[in-house]
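To start, the structure itself, in structure tokens.
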Amino acid sequence: MSAEDVPLPRYDFLAGALLLVDKPQGWTSFDVVNKIRYKLKHGLKVKKIKVGHAGTLDPMATGLLVVCTGKHTKKLSTYQGLEKEYTGTLRLGATTPSYDAESEVEEHFPTSHITPALLEKARQAFLGDIEQVPPMFSAIKVDGQPLYKKARKGVVVEVEPRQVQIHEFELTQVDLPDVSFRVRCSKGTYIRSLAHDFGKALDSGAYLTALRRTRVGPFHIDDAWEMEELADYLAELEEKS
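Following this line, the structure appears as structure tokens:
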């Protein structure tokens, strides 16, 4: 049986469906939800349909976004509480205001002192229950306003640290100044903060250069729709209706 002969899954989008989507780089999580909602409204010829996602990915990041439609959106909070798994790359020797490559480097740090033993010691320090401060460029609200809006205005806000759990933190490739990693963590973990704090633990600096979410609880990226394929599939609804 060829790939063309494999039957596509059937969804009841109005009653409630769960979609696994591979978010493209450069898209916001809202962009994905908006695209799906638009396609469904036209395909099903309805004025309204509930669509939501179970955990934001930064625009720079790619990977698994759990999307729910219809009455299934009531389960979003359950999915949001599931542990997550990521792969990514951080760059040592510099920091940025956003803790990733979305903003310009603001400060440089030495890296010549960083040895395999030092990397391993720092890695182990981030296993288990840790406290991390969310990045200033994040959607967390302070005084009713998202932090990123305050950051863009140059307003510095004292943000309380949060406790998260790092179940696994593996350095998969080291080619200084770049370090690739895999991490399995609790909900609410900011991988940008993990990268930033990892750099500080090495008496250096670090920022995230790539991130991909590969798993949310039992859901895996291998089972996710490519956005283009999903858009084509949803367009077929309109042709059949």
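In my numbering, each residue's number is its place in the sequence shown (first place is 1) plus 211.
C-beta: ideal position from N, C-alpha, C; glycine also.
Straight-line CA distance for residue i to residue j?
i           : j           : result
residue 213 : residue 370 : With a pLDDT of only 32 at residue 213, under the threshold of 50, the placement of this residue in the model should not be trusted; the figure read from the coordinates follows. Computed Cα separation, rounded: 54 Å.
residue 268 : residue 331 : 28 Å
residue 448 : residue 223 : 11 Å
residue 345 : residue 433 : 29 Å
residue 400 : residue 390 : 19 Å
residue 427 : residue 288 : 13 Å
residue 230 : residue 387 : 38 Å
residue 335 : residue 380 : 8 Å
residue 395 : residue 378 : 5 Å
residue 375 : residue 285 : 25 Å
residue 326 : residue 299 : 20 Å
residue 329 : residue 407 : 16 Å
residue 262 : residue 279 : 6 Å
residue 310 : residue 439 : 30 Å
residue 435 : residue 274 : 9 Å
residue 340 : residue 373 : 10 Å
residue 410 : residue 320 : 9 Å
If you follow the beta strand (DSSP E) that residue i is part of, which residue opens it and which one closes it?
i           : result
residue 377 : 373-386
residue 274 : 273-281
residue 415 : Per DSSP, residue 415 belongs to no beta strand (DSSP E) and is neither H nor E.
residue 394 : 389-396
Taking residue i and residue j to be in contact with their CB atoms under 8 Å, please state how far apart those CB atoms are, rounded to whole angstroms.
i           : j           : result
residue 297 : residue 422 : 6 Å
residue 260 : residue 281 : 7 Å
residue 308 : residue 271 : That pair is no contact at about 14 Å.
residue 445 : residue 254 : 5 Å
residue 416 : residue 306 : 4 Å
residue 457 : residue 257 : Absent from the structure is residue 457, since the part of the chain shown begins at 212 and ends at 452.
residue 333 : residue 419 : Not confirmed; about 16 Å, so no contact.
Mind checking which residues open and close the alpha helix (DSSP H) that includes residue i?
i           : result
residue 408 : 402-412
Based on the DSSP secondary-structure assignment, which residues constitute the bridge partners of residue i?
i           : result
residue 437 : 233
residue 427 : 295 and 430
residue 421 : 300
List in chain order: all unbroken beta strand (DSSP E) runs of 3+ residues lying wholly within the segment 288-357.
295-303 and 339-343
| query | Which runs of the beta strand (DSSP E) fall wholly inside the segment 213-269 and span at least 3 residues, in chain order? | reply | 227-234 and 262-264
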